[in-house]
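Beneath this line is the structure, given in structure tokens, with notes to follow.
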Ligand code: ARG
């Protein structure tokens with residue numbers, strides 16, 4: 169069954185038919201298409217296009233169909249119709265004959281497809297919000313356990329200043345919070361019902377669009393039919409939110425891959441999220457993390473694709489827009505999988521406290537502390553910075569840490585340095601003194617964890 173046979177003499181070429189079809193991916197929208205159709209049947213009932221009994225018959229059949237496709241979505245794929253909208257209509261015609269043919273009155277696949285897609289996107293946002301929240305909780309649990317695990321913090325991948333493993337976890341928590349807030353923003357903007365826009369210019373029938381919005385759970389109703397059917401901003405926004413979040417997950421993965429390396433040896437990943445080498449028996453590879461890092465690329469691919477797809481596309485609907493779906497589905501499924509995989513990794517991560525501590529002791533990561541110490545003795549910071557630079561150089565030449573230098577050596581560089589310097593050079597002191605808001609101190613970290621647990625109902 170094609171939805172447009174009347175002005176054609178010839179049937180579609182088989183190759184074109186396949187080329188034109190979107191059923192093999194838009195079957196994902198079956199539920200939304202059926203719910204949209206039920207809402208539409210109610211709308212055309214209000215404008216007396218069908219009677220109450222007819223509407224009830226249509227609704228009953230659509231509900232049956234929904235049950236059938238929920239149980240077995242693959243039944244859709246055996247059909248050779250053009251798309252999910254044609255498929256749903258055909259099922260209805262098979263059951264109800266002429267009555268079913270009334271359903272499309274005043275409606276176009278152009279407003280139908282974007283309604284379906286928006287409903288799908290809205291449901292995905294809810295699912296993704298939950299998955300991100302799960303990951304947030306897991307980060308907090310690891311942070312709680314590693315509040316006293318001191319490790320080096322890096323800039324330029326050089327040991328910079330000591331931090332705690334918990335502080336690292338909480339950095340990613342902040343990123344996830346921003347990801348969630350971007351999703352919420354995107355949700356609000358997409359929560360506008362396009363159904364009732366017709367093909368592009370609205371519908372001649374007296375349709376209560378606010379009522380349709382209400383039936384489908386949309387907060388708002390679109391203002392301009394031309395824009396409504398041509399708009400895919402919400403697809404771009406969702407994939408871009410996914411891309412930013414995938415960027416976060418790729419950095420999370422990269423950090424953990426490094427922490428897990430033989431060179432750093434700060435963590436051990438569990439057997440159930442790693443795999444071995446076919447040749448080298450000693451290997452345990454962080455495949456899960458590498459895949460998250462790699463899958464980031466395909467989400468970016470979808471973002472570039474949708475941006476290019478819509479660039480310069482004239483208003484309103486063009487068939488090009490059928491190409492909006494596969495990238496979107498793939499990007500959101502990939503993102504969801506990566507969020508889940510990240511959580512699984514955190515469930516079983518083993519943090520090696522001793523190794524982290526030893527590494528933090530190397531690399532002069534307490535040099536800033538020494539400069540701050542000099543500042544407390546009234547030496548301007550720039551001067552202090554220079555003096556400490558010279559002291560570090562001497563320590564490097566002697567191949568010792570700052571705290572291993574004797575007091576005479578320190579005093580060679582400045583006489584204000586006294587015995588109390590050793591206390592401030594300890595890693596614990598470095599951590600505790602960073603007690604400004606957002607700082608790494610144990611006290612601050614504890615408070616952050618407490619607040620976040622309240623926010624996420626983890627108490
Ligand atoms: N399968 C189409 C899509 O995904 C549905 C809309 C078709 N509209 C049309 N005028 N051919 O975009």
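In this note's numbering, the protein residues as written are 169 to 627.
Cβ coordinates follow ideal geometry from the N, Cα and C atoms, glycine included.
This structure is a prediction, so every number in the text was calculated from the model and none was measured.
Between residue 444 and residue 452, the C-beta gap is smaller than 8 Å, which places the two residues in contact.
Only residues of its own chain outside the window of five on either side were considered, and among them 571 have a CB closer than 8 Å to the CB of residue 590, listed in chain order.
Using a cutoff of 7 Å, the CB of residue 623 does not count as near the ligand ARG, since none of the ligand's heavy atoms is closer than that. Note that the stretch 478-493 touches the stretch 387-398; at least 3 beta-carbon pairs, one per stretch, sit closer than 8 Å. Collapsing the DSSP output to three states places residue 443 in a strand. In the three-state reduction of the DSSP assignment, residue 608 falls in the coil class, being assigned neither a helical nor a strand state.
The alpha carbon of residue 509 has as its nearest neighbour, out of 177, 304, 282 and 208, the alpha carbon of 304. If you draw a straight line from the Cα of residue 611 to the Cα of residue 601, it comes to about 10 Å. Residue 415 is bridged by DSSP to nothing; it lacks a bridge partner. With a contact defined as Cβ atoms closer than 8 Å, residue 201 and residue 256 qualify at about 5 Å. Ranked by how close their Cα comes to the Cα of residue 528, the residues 575, 432 and 511 have 432 in first place. Residue 418 is a Cβ neighbour of residue 460, given a cutoff of 8 Å.
Judged by DSSP in its simplified three-state form, residue 321 adopts strand. When distances are taken from the beta-carbon of residue 247 to the heavy atoms of the ligand ARG, even the shortest one reaches 7 Å or more. For residue 211, the enclosing alpha helix (DSSP H) starts and ends at 198-214. The three-state secondary structure of residue 508, taken from DSSP, is helix.
In this structure, the ligand ARG has a non-hydrogen atom nearer than 7 Å to the beta-carbon of residue 281. Under DSSP, residue 332 shares a beta bridge with 318. DSSP places residue 188 inside the alpha helix (DSSP H), whose first and last residues are 182-188. Contact fails between the stretch 238-256 and the stretch 219-228, because fewer than three Cβ pairs, one in each stretch, are under 8 Å apart. Separation of residue 267 and residue 477 (C-alpha to C-alpha, rounded to the nearest whole angstrom) is 38 Å. The DSSP-derived three-state label of residue 219 is coil. DSSP places residue 450 in no alpha helix (DSSP H); its state is neither H nor E. Take residue 435, set aside five residues on each side of it, and the residues of its chain with a beta-carbon closer than 8 Å to its own are 424, 427, 428, 517, 518, 519 and 520, in chain order.
Taking 3 residues as the shortest admissible run, the stretch 567-621 contains no complete beta strand (DSSP E) segment at all.
Residue 277 is a Cβ neighbour of residue 253, given a cutoff of 8 Å.
Contact annotation, residue 317 with residue 598: C-beta distance approximately 14 Å; criterion of less than 8 Å not satisfied.
In its chain, beyond the 5 residues on either side, 333, 334 and 519 have a beta carbon closer than 6 Å to the beta carbon of residue 314. Two segments are said to touch when three or more pairs of C-beta atoms, one from each, lie closer than 8 Å; by this definition the stretch 278-286 touches the stretch 346-364. Here residue 383 is near residue 207, since their CB atoms are less than 8 Å apart. Between residue 380 and residue 366, the C-beta gap is not smaller than 8 Å, which leaves the two residues out of contact. In the structure shown, residue 178 falls within a coil segment according to DSSP collapsed to helix, strand and coil.
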